[in-house]
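Working notes for the structure below.
Residue numbers (the numbering used here): 86 to 220.
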């Protein structure tokens, strides 16, 4: 794992939360993107080297909708940048972690992603992110 890629925050209303985080960070969001397969709309902020991803559910049965219903707004996941997501998934499985999706899927912000089950990571949902290379 190279670095923390971003922190994901589940929100009920993306527009309202965008205004709040713009005030908080002193910068506007740089991207809004929908990931239809996951039933989520995302908004990204950058503050120095750090990124924040706000996540709003677009479907009532999406993982973010279920999270909001169960836990309310707040930190949803911590994402780590990796160079080779497939080998990192294999390494983590060999270390005993439960990988929620063993085949990486297309996520927001031009990334391939996979998640580790929070029961094996002290209650923290961990996301692995690999930049999708062109060509």
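For each residue, glycine too, the CB sits at the ideal point set by N, CA and C.
Only a predicted model underlies this, so the values are computations on that prediction, with no experimental measurement involved.
Closest residue to residue i among the options (Cα-Cα distance)
i           : options               : result
residue 122 : 138, 129 and 146      : 146
residue 137 : 106, 155 and 119      : 106
residue 165 : 213, 192 and 158      : 213
residue 189 : 169, 114 and 135      : 169
residue 119 : 144, 135, 133 and 90  : 144
residue 198 : 171, 177, 180 and 176 : 171
residue 134 : 108, 148 and 89       : 89
residue 156 : 219, 209, 116 and 112 : 209
8 Å contact criterion, which residue i and residue j should meet: CB distance rounded
i           : j           : result
residue 217 : residue 195 : 5 Å
Cβ-based burial, residue i [other Cβ within 10 Å; buried from 16]
i           : result
residue 202 : exposed
residue 192 : buried
residue 173 : buried
residue 211 : buried
Cβ pair residue i, residue j closer than 7 Å
i           : j           : result
residue 205 : residue 161 : no
residue 79  : residue 97  : The structure shown does not extend to residue 79, since the chain spans only 86 to 220, so no value can be given for it.
residue 141 : residue 126 : yes
residue 110 : residue 129 : no
residue 91  : residue 103 : no
residue 184 : residue 86  : no
residue 139 : residue 177 : no
residue 163 : residue 95  : no
> Mind pulling the beta strand (DSSP E) runs of 3 or more residues that sit fully within the stretch 94-151?
Replying inline: Every unbroken stretch of the beta strand (DSSP E) spanning 3 or more residues and falling wholly within the stretch 94-151 is given here in chain order: 116-120, 125-132 and 135-142.
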